[in-house]
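Notes for the one structure printed next.
Laid out in C-alpha cells, this is it:
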C-alpha cells in the first residue's frame with residue numbers, strides 16, 4: 001500500500017451559498033465514510049483562507065513574521081485528504097470522486113515517506 005495526498009485546489013475568491021455548502025458537506029461526509037469503510041482513509045483537513053495565513057522566516061533567534069499568503073494566488077490548497085491505496089491509478093480514481101463531491105480540481109501526489 002502507498003500513501004497519496006489528494007489536495008483540493010480552490011480558486012481564490014470562491015464562495016458557496018448556504019445550499020451549495022450543505023450539499024458539498026453532505027457529499028464529502030458520505031465519501032469520507034466510503035473511504036473509511038474501504039480502509040483507505042488516513043486523515044483529512046480543511047484549511048483556512050490563505051489571506052489569514054502567517055509567513056514565518058528566519059530561525060529561533062531571528063524570526064520574521066508577515067501577514068497574508070506568501071504569494072499572490074489564483075488558486076490555493078483549501079484542504080486535503082491522505083489515503084493509503086495500492087497504486088496511483090487507485091488514488092486517481094478516488095480523487096475523481098473527491099472532485100465530483102467538491103466541484104474542485106484535485107491534485108494527486110505520492111507521499112512515499114508518510115508514516116515513517
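Numbering (the UniProt record's numbering), first residue to last: 1 to 116.
Ideal Cβ positions, reconstructed from N, Cα and C, are used throughout, including at glycine.
Beta-carbon contacts of residue i that lie in its chain and below 7 Å, excluding the five residues immediately before and after
{"i": "residue 32", "result": "41 and 44"}
{"i": "residue 107", "result": "7 and 9"}
{"i": "residue 21", "result": "none"}
{"i": "residue 47", "result": "77, 78 and 79"}
Residue i versus the options, residue with shortest Cα-Cα distance
{"i": "residue 81", "options": "26, 110, 11 and 74", "result": "110"}
{"i": "residue 79", "options": "23, 38, 114 and 104", "result": "104"}
{"i": "residue 1", "options": "90, 58 and 96", "result": "90"}
{"i": "residue 70", "options": "53, 61, 58 and 11", "result": "53"}
{"i": "residue 13", "options": "88, 60 and 49", "result": "49"}
Beta-carbon proximity check, residue i vs residue j, cutoff 8 Å
{"i": "residue 100", "j": "residue 9", "result": "no"}
{"i": "residue 7", "j": "residue 92", "result": "no"}
{"i": "residue 102", "j": "residue 55", "result": "no"}
{"i": "residue 39", "j": "residue 51", "result": "no"}
Environment of residue i [buried if 16+ CB atoms lie within 10 Å]
{"i": "residue 85", "result": "buried"}
{"i": "residue 83", "result": "buried"}
{"i": "residue 73", "result": "exposed"}
{"i": "residue 35", "result": "buried"}
Cut-off 6 Å between Cβ atoms - residues of its own chain near residue i, not counting five sequence neighbours on either side
{"i": "residue 114", "result": "3"}
{"i": "residue 58", "result": "64"}
{"i": "residue 98", "result": "6 and 106"}
{"i": "residue 66", "result": "55"}
{"i": "residue 19", "result": "none"}
Residues near residue i in its chain [Cβ-Cβ closer than 8 Å; skip 5 each side]
{"i": "residue 96", "result": "106"}
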